[in-house]
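Each number in my numbering comes from the position in the sequence shown (counting from 1) with 16 added on. See structure below.
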Amino acid sequence: MRIAVVTLFPGLMQGALEHGVLGRAQARGLAAVGCVDPRQYAGDAHRTVDDRPYGGGPGMVGTPPPWAQAIDAARGQVGPDAPRIHLSAQGERFDEGMARELAAMPGFVLVASRYEGLDQRVIDDRIDRELSIGDYVLSGGEFAALVVIDAVVRLLPGVLGDERSSEQESYTAGRLDWPHYTRPVDWEGRAVPKVLQGGDHAAIRRWRLKQAVGRTYLRRPDLLQDAPQGAGLGRALSEEERALLNEFLAEREEEGNGQRNR
Ligand code: 4F9
């Protein structure tokens with residue numbers, strides 16, 4: 017997969033992309049991330065890439081010629097029909113469903129503009145889609161672009177090894193994770209749950225699904241609704257999950273309305 021990022025801070029992107037899963041995916045040739053800096057296409061001696069907004073007000077707006085040329089050059093790196101995606105608080109909300117959609121593509125362009133944004137004519141003419149990673153304002157789109165890249169690249173075949181089977185993946189999609197434990201078995205008077213200490217794999221699987229469904233119910237009940245138009249991975253409870261949730265809630269009641277697990 018090829019990803020090209022249009023950014024005034026290629027160094028910020030490249031630094032973050034060297035590490036961990038993303039660094040390894042690139043080293044192994046599974047993903048290639050390149051950056052295009054609009055400053056390369058600034059015509060004047062001062063390398064200007066923004067200007068004061070028409071109509072007045074604070075801040076600066078990305079000026080069309082260098083941004084449009086940088087977007088065109090980025091598309092040249094990834095393919096003539098690659099979608100051009102602008103990271104923007106005005107965009108549709110990015111979620112795991114969209115990460116899967118992007119992971120199935122041969123490549124895409126991410127445009128990270130500064131906080132005040134991009135001249136609307138560039139958006140109208142050179143952007144195919146706007147994505148938001150959440151309802152907050154960032155000082156620029158770079159960190160949002162990194163969030164999208166991380167969520168997508170980890171889904172590419174071969175990137176994560178075999179940590180999760182696709183069967184397990186479809187069972188737990190749209191559900192929060194279950195709790196994890198490692199040694200020591202007792203830590204500051206807190207024990208690892210008994211079922212995890214034994215070797216009954218069916219019981220362990222059942223316990224984990226129960227915790228996942230219970231946590232989702234308590235913390236993110238919205239995920240237990242079918243997603244409006246297939247974007248997110250939320251879905252209604254299955255029969256098995258409903259039974260597990262009833263058990264989870266009964267056990268929680270017994271424990272005294274649980275500080276456990278919140
Ligand atoms: C981008 C915020 C994506 C949320 C870009 C300022 C942004 C953003 N999601 N804020 N520039």
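Heads up, the beta-carbon is just placed ideally off N, CA and C, and yes, glycines get one too.
- Check the C-beta distance from residue 131 over to residue 75 and give it rounded, since I have them as a contact under 8 Å. 7 Å
- With DSSP as the reference, please indicate the residues paired to residue 19 in a beta bridge. 49 and 124
- Task: Look up residue 143 in the DSSP assignment and give the residues it is bridged to.
- Result: Answer is none; residue 143 lacks a bridge partner.
- Query: Residue range of the alpha helix (DSSP H) that residue 87 falls in?
  - Reply: 80-94
- Item | Nearest-angstrom Cα separation, counted from residue 204 out to residue 138 | 58 Å
- When DSSP labels each residue in this structure, what does residue 5 get in the three-state scheme? The chain is shown from 17 up to 278; residue 5 falls before or after that span and cannot be answered.
- Between the C-alpha atoms of residue 134 and residue 28, what's the straight-line distance to the nearest angstrom? 20 Å
- Determine the extent of the beta strand (DSSP E) in which residue 107 is found, giving its start and end residues. 100-109
- To the nearest angstrom, how far is it from the Cα of residue 249 to the Cα of residue 119? 15 Å
- Task: Consult DSSP for residue 199 and reduce its assignment to one of helix, strand or coil.
- Result: coil
- Is there contact between the region 220-228 and the region 76-94, where contact requires at least three CB pairs shorter than 8 Å? no
- Message: Taking the straight line between their C-alpha atoms, what separation do you get for residue 54 and residue 193?
- Response: 40 Å
- Contact belief for residue 91 with residue 65 at Cβ below 8 Å, rounded distance in angstroms: About 18 Å; that fails the 8 Å criterion.
- Message: Could you check whether residue 47 and residue 19 sit closer than 9 Å to each other, using their CB atoms as the reference points?
- Response: yes
- Cβ-heavy atom distance, residue 152 to ligand 1, below 8 Å: yes
- Option in 207, 206, 259 and 202 with minimal Cα separation from residue 227: 259
- Please say whether residue 161 and residue 23 have beta carbons closer to each other than 9 Å? yes
- Query: Hey, residue 191 and residue 232: beta-carbon distance below 9 Å or not?
  - Reply: yes
- Item | Residue closest to residue 45, alpha-carbon to alpha-carbon, out of 238, 252 and 174 | 174
- Message: Given this structure, state the Cα-to-Cα distance separating residue 184 from residue 109, to the nearest angstrom.
- Response: 26 Å
- Message: If you follow the alpha helix (DSSP H) that residue 166 is in, where does it begin and where does it stop?
- Response: 158-169
- Rounded to whole angstroms, what's the CA-CA distance from residue 262 to residue 254? Just pull it up for me. 12 Å
- Task: Report the partner residues of residue 134 according to the DSSP bridge assignment.
- Result: 78
- Query: If you check the beta carbons only, do residue 78 and residue 129 fall under 9 Å apart?
  - Reply: yes
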